[in-house]
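Structure first, commentary second.
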Amino acid sequence: MAAAVHHHHLQLQLLLHRPPRQPFLFFTPRSVPRTRLRSSLQAPTSHLAVGPLEEADQQEDKEEFVVVTFYKLVPVEDPRADVAAHLHFLQGRDIHGRIYMNEQGINAQYSGPRKDAMAYADWLRKDHRFYDILVQISPALSGHAFPRLKLRYKPSLVQLEGGSCHLPLVEPSMRASPLTPSEWREKLEARKHRETEAAGDACERKVLLLDVRNDYEWDIGHFEGAKRPNVDCFRSTSFGLSEQEIDSTDPLHGVDKENTDILMYCTGGIRCDVYSTILRDKGFPNLYTLKGGVSNYLKSEGCAEWVGNLFVFDDRLSLPPAKFAEEGDAGEEGDIDNGKPLSSSSQWLGRCYICGSEVEELRHRNCASIDCNRLYLCCRWCLEELRGCCCSECRSAPRLRPLLPGHQRYDKWHLYRDDTSTISS
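The working numbering puts the first residue of the sequence shown at -10, with every later residue one more than the last.
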């Protein structure tokens, strides 16, 4: 009986219009422009020959893979020369990921054996411009979290409509004031306390919690009290820019700018730093950001005030809070990245994008349609009914990949594109 009711509910859902697509997680490789070598970084030293025992130790080290992320907004005189120096240093080292540089700094997310991954971060810190970067480390779980290395010059360190090269990113006074994880937690607890009290003083300062991520990121984890963003890619973020008299989709519309503290957060911090310069220009004076983003907060404060998992832009897709706090002990537990929230106080779970029921695991999957590839949450019933597709329209698409068991990831879409033997009928 329950199955029949669910099936009837599913058919009603499929009659509705197709939801908007989410952005792809695939990236087109670009070649690094040829540049002349001129950099303030020290020239890397050559690798010394090692004996059998040292080789065995190195092999043991390489078995533990980690994911490293960091960024720094700082003036860079000749970023193309720095790109060439970085590429030269990484020769012979097993590093995969995305590392972008331009005149406004660096933005890096990469994976590799711990020895190689940390060697690169330590080498970068020897540069006086990057000596104080916040390097964040999390377990890679199963080898590389990125398919290959892309280290190149990029005009914008993050994808933003109109680019970001015109924004005053390297001026700290134009960015939001950073809060440490403990300071952020205190702000959230004080905000919750005021909300649970009676009406209170109308003149009391307001606190607005702003999630500067995408809607599908919010769907598997967020700070308590944060509203779901109405965007599916950072490029189209427009908080505080609406000129309409009434705009329910903009959480900053109509806000008392002088009397409201705006707490901004994202995964690692760079999106908030970039977007806060836009809000600063729009007259928002009281801007605060979480230093190091959610990943830094979960490592320092655990899951206090946080519900669910954290979406990450690599092959892991979703990490429980404990994986940040236990980075040093990664691999010792048997429940590595099961996609379920580890917070006993959390009563929130993601919802199936198709029928609205609770999903078993807080991890997205890609639509089986090659021409869609949308990231979506799905329950077991809808997964089987639509054969891995995100809607009925995609189910009847001409180019379908096979349904993968569990939460296995598809290979890159171009491997399926011209291979008719892998396309479902």
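Don't be surprised by glycine CBs; every beta carbon is placed ideally from N, CA and C.
{"Asked": "Only counting runs of 4 or more residues, tell me where the alpha helix (DSSP H) segments fall wholly within the region 151 to 232, in order along the chain.", "Found": "170 to 185, 204 to 207"}
{"Asked": "Among the residues of its own chain, which have a CB less than 6 Å from the CB of F135, if the five just before and after it don't count?", "Found": "H85, G86, S100, D303"}
{"Asked": "Is the number of C-beta pairs between the region 275 to 295 and the region 158 to 171 that are closer than 8 Å three or more?", "Found": "yes"}
{"Asked": "Which ranges does the beta strand (DSSP E) cover as unbroken runs of at least 3 residues, wholly within the region 253 to 315, from first to last along the chain?", "Found": "276 to 279, 295 to 297"}
{"Asked": "Between which two residues does the beta strand (DSSP E) holding S346 run?", "Found": "First-last for S346: undefined, no H or E at that position."}
{"Asked": "Helix, strand or coil, according to DSSP, for L138 in the structure here?", "Found": "strand"}
{"Asked": "So V201 and L252 are in contact, right, with Cβ under 8 Å, and what is the actual spacing, rounded?", "Found": "About 10 Å; that fails the 8 Å criterion."}
{"Asked": "Closest by CA to C356, which one among G339, A70, R384, R260?", "Found": "R384"}
{"Asked": "Could you check how far apart the C-beta atoms of V72 and V124 are, in whole angstroms? I think they sit under 8 Å.", "Found": "Their Cβ separation, rounded to whole angstroms, is 19 Å, which puts V72 and V124 out of contact at 8 Å."}
{"Asked": "For L299, which residues from the same chain have a beta carbon less than 6 Å from its beta carbon, with the 5 sequence-adjacent residues on both sides left out?", "Found": "G210, V283, L308"}
{"Asked": "Measure the alpha-carbon distance for Y399 versus E347 and round it to whole angstroms.", "Found": "23 Å"}
{"Asked": "Quick one: residues in its chain with C-beta nearer than 6 Å to the C-beta of P64, no 5 flanking neighbours on either side, listed in chain order?", "Found": "V159"}
{"Asked": "Tell me which residue opens and which closes the beta strand (DSSP E) that L62 is part of.", "Found": "54 to 62"}
{"Asked": "Decide if R69 is buried, meaning its Cβ has at least 16 other Cβ atoms within 10 Å, or exposed.", "Found": "buried"}
{"Asked": "So K181 packs on G152, CB below 8 Å; how close in whole Å?", "Found": "Incorrect: roughly 38 Å between the Cβ atoms, too far for contact."}
{"Asked": "For T249, write down the residues that DSSP places opposite it in a beta bridge.", "Found": "K195"}
{"Asked": "I want to know whether the region 224 to 240 touches the region 259 to 274 - three or more CB-CB distances under 8 Å.", "Found": "yes"}
{"Asked": "In three-state terms, what does DSSP make of R354?", "Found": "strand"}
{"Asked": "Applying the criterion that 16 or more other CB atoms from any shown protein chain within 10 Å of the CB defines a buried residue, is G297 buried or exposed?", "Found": "buried"}
{"Asked": "Please report the distance separating the alpha-carbon of D67 from that of P240.", "Found": "39 Å"}
{"Asked": "Hey, H353 and L306 are a contact pair by Cβ (cut 8 Å); roughly how many whole angstroms apart?", "Found": "6 Å"}
{"Asked": "When you compare only the Cα positions, how much space is there between E206 and L199?", "Found": "13 Å"}
{"Asked": "I need the straight-line Cα distance from D250 to E294, nearest angstrom please.", "Found": "18 Å"}
{"Asked": "Look up N91 in the DSSP assignment and give the residues it is bridged to.", "Found": "G94"}
{"Asked": "At the level of alpha carbons, what is the spacing between L146 and R118?", "Found": "17 Å"}
{"Asked": "Which one or two residues does DSSP pair with R340 in a beta bridge?", "Found": "E347"}
{"Asked": "Tell me the rounded alpha-carbon separation between H396 and H133.", "Found": "17 Å"}
{"Asked": "Tell me where the alpha helix (DSSP H) around P68 begins and ends.", "Found": "68 to 79"}
{"Asked": "Do you know offhand how far H75's Cα is from V55's?", "Found": "19 Å"}
{"Asked": "Identify whether S127 lies in helix, strand or coil by the three-state DSSP scheme.", "Found": "strand"}
{"Asked": "Can you find the residues in the same chain that come closer than 7 Å, C-beta to C-beta, to L268, ignoring five residues on each side of it along the sequence?", "Found": "G229, L276"}
{"Asked": "Compare the Cα-Cα distances from L130 to each of K312, C361, G339, E374 and report the closest residue.", "Found": "K312"}
{"Asked": "Out of K216, S171, P102, G94, point me to the one whose CA is closest to P157's CA.", "Found": "G94"}
{"Asked": "Tell me, which residues are paired with P102 by DSSP?", "Found": "F54"}
{"Asked": "Among P161, I126, Q80, which one has its Cα closest to the Cα of L62?", "Found": "P161"}
{"Asked": "In three-state DSSP terms, what is E321?", "Found": "Any reading at E321 must be qualified, since the residue scores a pLDDT of 36, below 50, and its modelled position is unreliable; the value itself is stated next. Three-state result, E321: coil."}
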